[in-house]
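Residue numbers (my numbering): 16 to 201.
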């Protein structure tokens, strides 16, 4: 499911509304920032902006504000990447970073914005975690898949996402049985 679809469902807004907020959320998810005519990693953009700001002999409000926006995105992304983190856990730090960056459109709807990110993470990112578990060395793979699935089921609330976890484990078990029968016959 696309981030924008989840955003529209939670915010119940029309197309082309809330551009700043949606762009902020997309940047948090992707970790990429427009820098000139290309997309660069968030950390690289912060570093390049910091160098530019340090070289400026007088106070430069726009560059400082842009740096603060990047820091707010970084703070939000750190929360976003910690699977299982609750909205309550990140709200204070993210709220302070948004206030410093003067991103009031996001700050005024912070609970909803974090809900969008949480739901998107639940619907997309967990499959990457399961796939990574299924790629661990063979002697640890089954334990890794089961432990990862158990952890995900403890943190995921969305019923569709929970169903996908169960389906993944079922598919993995069928693969194990197929391999076991193949080895037993040989």
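Glycine residues also receive a C-beta, built at the ideal position from the N, C-alpha and C atoms.
According to DSSP, is residue 47 part of a helix, a strand, or is it coil?
Note: residue 47 maps to strand in three-state DSSP.
Comparing C-alpha positions only, which one of 136, 191 and 159 sits nearest to residue 170?
A check of alpha carbon separations from residue 170 across 136, 191 and 159 identifies 136 as the nearest.
Grab the span of the alpha helix (DSSP H) containing residue 118 for me, first residue to last.
Bounds of any alpha helix (DSSP H) do not take in residue 118, whose DSSP letter is neither H nor E.
DSSP-derived helix/strand/coil call for residue 111:
Note: residue 111 maps to helix in three-state DSSP.
Start and end residues, beta strand (DSSP E) containing residue 53:
In this chain, the beta strand (DSSP E) harbouring residue 53 covers 53 to 56.
Return the CA-CA distance between residue 23 and residue 179, expressed in angstroms with no decimal places.
Their backbone Cα atoms lie some 23 Å apart in a straight line.
When you compare the CB positions of residue 158 and residue 33, do they come within less than 8 Å of one another, or not?
No, the Cβ-Cβ distance between residue 158 and residue 33 is not below 8 Å.
For residue 94, is the beta carbon positioned less than 7 Å from some heavy atom of the ligand ZN?
Of ligands this structure carries none, so the ligand ZN is not represented either.
Could you give the distance in angstroms between the alpha-carbon of residue 101 and the alpha-carbon of residue 200?
Rounded to the nearest angstrom, the two C-alpha atoms are 49 Å apart.
Pull up the distance between the alpha-carbon of residue 86 and that of residue 57, whole angstroms please.
Each residue's alpha carbon lies about 9 Å from the other.
With a threshold of 6 Å on Cβ separation, who are the neighbours of residue 36 within its own chain once the five nearest residues in sequence on each side are excluded?
Exclusion of the five residues before and after residue 36 leaves 120 and 121 as the residues of its chain whose Cβ lies within less than 6 Å of its Cβ.
Thinking C-beta only, is residue 43 closer than 8 Å to residue 91?
For residue 91 and residue 43, yes; Cβs fall inside 8 Å.
What are the start and end residues of the alpha helix (DSSP H) that includes residue 200?
Per DSSP, residue 200 belongs to the alpha helix (DSSP H) from 174 to 200.
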